[in-house]
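Asks: Heads up: the sequence lines are chains A, R and L, in that order.
Just so we're aligned: 492 in my numbering is position 126 of the first sequence, and the numbers increase by one with no gaps anywhere.
Just so we're aligned: 283 in my numbering is position 279 of the second sequence, and the numbers increase by one with no gaps anywhere.
Just so we're aligned: 741 in my numbering is position 110 of the third sequence, and the numbers increase by one with no gaps anywhere.
Could you have a look at this structure, given as structure tokens, before my questions?
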Amino acid sequence: MAFARERGASQRTGVMASIFDALTSLTRALGRALVPAVLIAATVAANAQQYPTRSIRVISPYPAGSASDTVTRVVLDQVSQMIGQPMVIETKPGAGGTVGFGFVARAEPDGYTLVTSSSSMATESVLHRTLPYDPVRDFVHIVLLGTSPNVLVASKASGFKTLADLVAAAKAKPGTLTFASAGIGSSSHMAAERFRLAAKIDVRHVPFREGGLLEVMAGRIDFYFIPLAAAATALKSDKLTILAVSSPNRVPLLPDVPSVTEAGYPGAVFRFWNGISAPAKTPPEAVQKLHDVTAKALADPALKEKLAKLGVEPSQMSVADFGKFFKDDLAATVDLAKEADIKPLD
Amino acid sequence: MLSTALTDLWYGFGVALEPHNIMWCLIGVFVGNMVGVLPGMGPLATISILLPLTFGIKPVGAILMLSGVFYGAQYGGAICSILLNLPCHPPHAVTCLDGFPLTKQGRGGAALGITVISSFVGASWGITEMIFLAPVLVTVALEFGPAEICSLMLLGLLAGSTLARGSPLKGVAMTIVGLLLGIVGTDLETGTPRFTFGIPNLFDGVELVALALGLFGIAEFMKSVNQYSDINTKYSNVGFRDLRPSREEFRRSIPAMFRGTLIGSLCALIPGTGPTIASFISYATEKKISKTPDKFGTGMVEGVACPEASTHSSVQGDFIPTMSLGIPGDAVMALILGALMIQGIVPGPQLISEHPDIFWGLVASFWIGNIILVILNVPMIGLWVKLLMIPYKYLYPAALFFVAIGVYSTNNDMFQVGETVIIGLVGYLLLLLDFHPAPVLLGFVLGPRFEENFRRAMLISRGDALVFIKHPISAVFVALCMILIVGQIYVRIRKPKSGIADVAAAAAEREHHHGSTDQKAPVAAE
Amino acid sequence: MFENLLRKKDFYASMVMTLLGVGVILNSTTYNLGSLMHMGPGMFPFLLGIVLTFVGLLIFGTALTTPYDETERILPESMEWRGWGCILAGPVMFIIFGEFFGMMPAIFSCVFVSALGDRTSTLKSSAILALGVTICGAALFSYVLQLPFPLFKWGR
Chain A
367 MAFARERGAS QRTGVMASIF DALTSLTRAL GRALVPAVLI AATVAANAQQ YPTRSIRVIS
427 PYPAGSASDT VTRVVLDQVS QMIGQPMVIE TKPGAGGTVG FGFVARAEPD GYTLVTSSSS
487 MATESVLHRT LPYDPVRDFV HIVLLGTSPN VLVASKASGF KTLADLVAAA KAKPGTLTFA
547 SAGIGSSSHM AAERFRLAAK IDVRHVPFRE GGLLEVMAGR IDFYFIPLAA AATALKSDKL
607 TILAVSSPNR VPLLPDVPSV TEAGYPGAVF RFWNGISAPA KTPPEAVQKL HDVTAKALAD
667 PALKEKLAKL GVEPSQMSVA DFGKFFKDDL AATVDLAKEA DIKPLD
Chain R
5 MLSTALTDLW YGFGVALEPH NIMWCLIGVF VGNMVGVLPG MGPLATISIL LPLTFGIKPV
65 GAILMLSGVF YGAQYGGAIC SILLNLPCHP PHAVTCLDGF PLTKQGRGGA ALGITVISSF
125 VGASWGITEM IFLAPVLVTV ALEFGPAEIC SLMLLGLLAG STLARGSPLK GVAMTIVGLL
185 LGIVGTDLET GTPRFTFGIP NLFDGVELVA LALGLFGIAE FMKSVNQYSD INTKYSNVGF
245 RDLRPSREEF RRSIPAMFRG TLIGSLCALI PGTGPTIASF ISYATEKKIS KTPDKFGTGM
305 VEGVACPEAS THSSVQGDFI PTMSLGIPGD AVMALILGAL MIQGIVPGPQ LISEHPDIFW
365 GLVASFWIGN IILVILNVPM IGLWVKLLMI PYKYLYPAAL FFVAIGVYST NNDMFQVGET
425 VIIGLVGYLL LLLDFHPAPV LLGFVLGPRF EENFRRAMLI SRGDALVFIK HPISAVFVAL
485 CMILIVGQIY VRIRKPKSGI ADVAAAAAER EHHHGSTDQK APVAAE
Chain L
632 MFENLLRKKD FYASMVMTLL GVGVILNSTT YNLGSLMHMG PGMFPFLLGI VLTFVGLLIF
692 GTALTTPYDE TERILPESME WRGWGCILAG PVMFIIFGEF FGMMPAIFSC VFVSALGDRT
752 STLKSSAILA LGVTICGAAL FSYVLQLPFP LFKWGR
């Protein structure tokens, strides 16, 4: 109908008028299209800002009570307060975490199902030939919560006072010293392997389900790379000597303990990391929002203190950087497995 | 030393009796008790849910509450075992053996009463031990290396395989089945998955709760469905006196309580042995010592008193290595430890000196908590017994649901509910063939520890099998094993029974256990 | 000795155990056996399999030697197919409905189906029982115990 009117008008005035009329009709058409477009854009933006609108489910593939599980609960408690929606933690342990990771890889990528990822994601991909997920392609790694090194403790009975003593003893009697771990693929195992390769010593691995530290205290096992969280206990024990920390620098919890780099073995650096990941196709706005809120939570001094007591050093890393960090960690773990001759279990 | 301990304890009571601390203790104990009644749902899940709550409250209150959940749950666990033959938690599986027959005789209330008393006695001893003997016992615990634990497990397996009534051969077979089920999962030392048939949910093994509830729960339901149980009629005219244990029953259970408590406290110290093992060992011991071993399984009060006492004393004693060494005995302790560390408290030898209010307040709260639990539970006995008045046909579907959700809630894994169903079916078939399920649980719990420690002992000693004899404690256990075997054979030969079966059985036992006398190759027994 | 063998419980008992033992032996050889001193993953189950087979054969021995007891029955007096089927189906319903539809349908279906196992139950009585347990169960496990199990959901 409008066109009829336009034509009627242009017939009266000539070329300039017709150009003017064309422009007018164009803008009107655009306007008619633009208004809904703006509205749609506004709605989309509004929805993105509104995320999350309901409770978020976070799968924790670690046994209840383990360090990773506790760290997750502590951080998410703060995040859920800041993000305004409950974050329900569902502990789904099994097969070193692969059950939980596989579950989330297949979950709806709507931003309401997340998983607490950790170094075990890399370790598991080395230990199993086939996995129900691809650690890089099936996930978007949102935010790194923090890292935690391991602490090398030796039994008092062994008489080692410094890391050098241990290395010397190991070189003098290859194959006699033993070290404990919390199981194949655990942080204590990996840290010890890195150290073994860096120091080029021949020591024997004795895995434990529990009670490994007790054996070291009793003097039956020579050393153990315990998680930093457990180190506070070791400090006060008169049956253990703390030899080194597997981080590049000293940690505030143990100011008198040298780092492995200081002791001359930079290749022994090992840090266990905890993070939050989501299925790969999760909308980027949700990812960014989660990242930003968590980053803010991690900057909170009270939370930092709690994490410090658990031995975790919080980090601030962008989504893209975390993605790269994950790939690097995976590659490093694959290399370690090759060098340490850790074969897949199945 | 004694006087200072007493003054500290007095101080502890002062801390624990502060109004807000009593409140936290009460909450913890109550929640724990209620959760303990539900099959499958354990203190672990509850404590992890309550964990964020503790961030905002003072450390004393936090640990009082969390510990209360832990030992409170043990009080509730015996109820279903006795009344419904359904063990809520694995340690209470043994209580079913004599508890349920007691219920069928109309003495269920009495059994519950004995349980509460035994629990209190066991817990009290555990607490006392914790106070006065902690440092000594910790030293003992450090002496238990892989060789010692291995021989102890062997002793437990030998003693416990004849746990249940019925043919000892079948008991042995069931123990082996339990051992095999325990092997399912990834091998600790090499990481190879064994008997998992490629199913990732089996990589961590069969879940203990699924096994216990399937064998004792589902199999039992299948046996009893449509068999109108006569429990209802016995309880329709129940008087108050029937709810209380008789003088005779009480008298007989006292020595059993003390023996159970002793065993439980020993098990608490030895790393790797928990309430489940404690209850099995004390039941087996009680049966062996008794003058009427054949009556066990038909409703002997001793069979109810001793496992409960040992469970509770071992649960209280579990706190010792956690508090004094900082090493948690199991996952629940690890969680409580984590909660403490978040608050900035580091458990260890210095805990007593640096945070006396926490340590002594905790110890005092154990007593207060246990007293509260007794006060809570005794009047409730009548209530629970009334539960039996509900016709079985309404009871078992509800119980089945509780079983399903209980198993699900341990690991949020539906696969394990499926495990329970399959185990239940197989368990029923075994029941039909006169195989009793209890030794399966024993083999399942002890077996992996036996194998793990055997291999570890070999690894550390570099293949020297004599290590089991060289270590004094281990040698004692091995000697006890020998005495047990010789005793069995002797009893068998002395009995005037003839028959190929018995001679064959004796020969078989000699064959089985021959391995452990062979110095070159201690064979996995049973 | 061999008469009535097939009627004796112990015959079947021994068969089960022997077959299981043999199966275990065969399966455990697929793992690295190692030596007795340095046991591989397969050694312990291998030994257990041997012992179990042996025990199974011994039980067979008792089946041969003990006289046949006339009153002995292997199968129970009444074959409760309906009861057994419903009891086993109950938790299976719980799994299926719980995975796809949430806690409340799971509870309802589990209790409803298993209640039907009793011969004197009616559809109505089972439904009422199921409803009652569902409401109480949901209140207990979801609100009080905060179990991370959604009450209702659709699909995985």
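For every residue, glycine included, the Cβ atom is placed at its ideal position computed from N, Cα and C.
Residues of chain L with a CB under 8 angstroms from the CB of E456 of chain A: which are they?
Replies: Those are P779, listed as they occur along chain L.
Asks: Is there at least one Cβ from chain A nearer than 8 angstroms to D417 of chain R's Cβ?
Replies: Interface residue, yes.
Asks: Under DSSP, the beta strand (DSSP E) around M453 of chain A begins and ends at which residues?
Replies: First-last of the beta strand (DSSP E) with M453 of chain A: 453 to 457.
Asks: Relative to the ligand ZN, is the shortest distance from any of its heavy atoms to the C-beta of K655 of chain A smaller than 7 angstroms?
Replies: The model depicted lacks the ligand ZN and carries no ligand whatsoever.
Asks: Taking V764 of chain L as the query, report the chain R residues whose CB atoms sit under 7 angstroms from its CB, ordered along the chain.
Replies: Neighbours of V764 of chain L on chain R, chain order: A402, F405.
Asks: Is the CB of D468 of chain R under 8 angstroms away from at least one CB in chain A?
Replies: Answer no: the Cβ-Cβ gap between D468 of chain R and chain A never drops below 8 angstroms.
Asks: Can you check which of these residues, R:G44, R:A402, R:I67, R:P56, is closest to V33 of chain R by C-alpha distance?
Replies: Residue R:I67 is the option with its Cα nearest to V33 of chain R.
Asks: For A433 of chain A versus P593 of chain A, is the C-beta spacing smaller than 8 angstroms?
Replies: Yes. Within cutoff.
Asks: Whose CA, out of L:G671, L:I718, L:S773, lies closest to the CA of I733 of chain L?
Replies: Position check: residue 733 of chain L holds Gly in this sequence, whereas Ile was assumed. Closest option to G733 of chain L, Cα to Cα, is L:S773.
Asks: Hey, out of L:T765, L:S740, L:F728, whose CA is closest to K784 of chain L's CA?
Replies: The candidate whose alpha carbon is nearest that of K784 of chain L is L:F728.
Asks: Find the nearest neighbour of G301 of chain R within the set R:L450, R:I86, R:A461, R:I375, judged by alpha-carbon distance.
Replies: When only C-alpha atoms are compared, the closest one is R:I86.
Asks: On the premise that F199 of chain R lies in contact with V181 of chain R, defined as a C-beta separation below 8 angstroms, what is that separation, rounded to the nearest angstrom?
Replies: No, V181 of chain R and F199 of chain R are not in contact; Cβ-Cβ is about 12 angstroms, not under 8 angstroms.
Asks: Is there a Cβ of chain R sitting closer than 8 angstroms to that of I656 of chain L, yes or no?
Replies: No, no contact with chain R.
Asks: Pull up the DSSP beta-bridge partners for S165 of chain R, would you.
Replies: According to DSSP, which records beta bridges pairwise, S165 of chain R is partnered with nothing at all.
Asks: Closer than 7 angstroms by beta-carbon distance: list the chain A residues that pair up with V350 of chain R, in chain order.
Replies: A598, T599, K602, listed in chain order.
Asks: State the Cα-Cα distance for the pair Y417 of chain A and S426 of chain A, rounded to the nearest angstrom.
Replies: The alpha-carbon atoms of Y417 of chain A and S426 of chain A are separated by roughly 22 angstroms.
Asks: Per DSSP, T424 of chain R forms a beta bridge with which residues?
Replies: In DSSP, T424 of chain R forms no bridge with anything.
Asks: Counting only Cβ pairs nearer than 8 angstroms, list the residues of chain C close to M345 of chain R.
Replies: Considering every chain present, this structure includes no chain C. Its protein chains are A, R and L.
Asks: Since I473 of chain R and E147 of chain R are thought to touch, with beta carbons under 8 angstroms apart, how far apart are those beta carbons, to the nearest angstrom?
Replies: The pair is not a contact, with the Cβ atoms about 16 angstroms apart (cut-off 8 angstroms).
Asks: When Cβ atoms are compared, which residues of the segment 560 to 592 of chain A fall closer than 8 angstroms to chain R?
Replies: Going along the segment 560 to 592 of chain A in chain order, one finds R570, V572, P573, F574, R575, E576, G577, L579, L580, E581, M583, A584, R586, I587 with a Cβ nearer than 8 angstroms to chain R.
Asks: Would you report the Cα separation of D506 of chain R and P150 of chain R, rounded to the nearest angstrom?
Replies: Low confidence applies here, because D506 of chain R scores a pLDDT of 48, under 50, leaving its location unreliable and the question unanswered by this model.
Asks: In this structure, how does DSSP classify R672 of chain L when only helix, strand and coil are distinguished?
Replies: Contrary to the premise, residue 672 of chain L reads as Pro rather than Arg in this sequence. Coil.
Asks: Could you work out which residue in R:E358, R:S269, R:F207, R:L344 is closest to F317 of chain R when comparing CA atoms only?
Replies: Note on identity: in this sequence residue 317 of chain R is Ser, with Phe being the wrong assignment. Among R:E358, R:S269, R:F207, R:L344, the Cα nearest to that of S317 of chain R is on R:S269.
Asks: How many whole angstroms separate the CB atoms of L702 of chain A and M556 of chain A, which I take to be in contact at a CB cut-off of 8 angstroms?
Replies: At roughly 7 angstroms, the Cβ-Cβ gap stays under 8 angstroms, so L702 of chain A and M556 of chain A are in contact.
Asks: On a CA-only basis, which of R:I31, R:F17, R:A97 is nearest I281 of chain R? Give me that one, please.
Replies: Nearest option by C-alpha distance: R:A97.
Asks: If the cut is a Cβ gap below 7 angstroms, which residues of chain R does R439 of chain A touch?
Replies: Chain R residues near R439 of chain A: L55, P56.
Asks: Consider the Cβ of F207 of chain R: report whether some Cβ of chain A lies at a distance smaller than 8 angstroms.
Replies: Interface residue, yes.
Asks: Shortest alpha-carbon distance to A479 of chain R belongs to which of R:G431, R:L173, R:I153, R:C92?
Replies: When only C-alpha atoms are compared, the closest one is R:I153.
Asks: To the nearest angstrom, how far is the alpha carbon of I531 of chain R from that of M674 of chain L?
Replies: In the structure as shown, chain R starts at 5 and stops at 530, and residue 531 of chain R therefore has no counterpart that could be examined.
Asks: Can at least three beta-carbon pairs, one atom from the segment 406 to 415 of chain R and one from the segment 32 to 51 of chain R, be found at a separation below 8 angstroms?
Replies: Yes, since at least three Cβ pairs between the segment 406 to 415 of chain R and the segment 32 to 51 of chain R fall closer than 8 angstroms, the two stretches touch.
Asks: Leaving out five residues before and five after S465 of chain R in sequence, what residues of the same chain have Cβ atoms less than 6 angstroms from its Cβ?
Replies: Only V471 meet the Cβ criterion.
Asks: Between the C-alpha atoms of T696 of chain L and H440 of chain R, what's the straight-line distance to the nearest angstrom?
Replies: Approximately 22 angstroms between the Cα atoms of the pair.
Asks: Determine the direct distance from the alpha carbon of G714 of chain L to that of D438 of chain R, and round the result to whole angstroms.
Replies: Rounded to the nearest angstrom, the two C-alpha atoms are 21 angstroms apart.
Asks: Could you compute how far the alpha carbon of D476 of chain A sits from the alpha carbon of T179 of chain R?
Replies: Going by the C-alpha atoms only, they are around 49 angstroms apart.
Asks: Considering Cα atoms alone, identify which of A:P501, A:D588, A:L563 is closest to V572 of chain A.
Replies: If we check each option's Cα against that of V572 of chain A, A:D588 comes out closest.
Asks: Between A:D622, A:I508, A:V437, which lies nearest to F692 of chain A when the distance is taken from Cα to Cα?
Replies: Cα-wise, what sits closest to F692 of chain A is A:I508.
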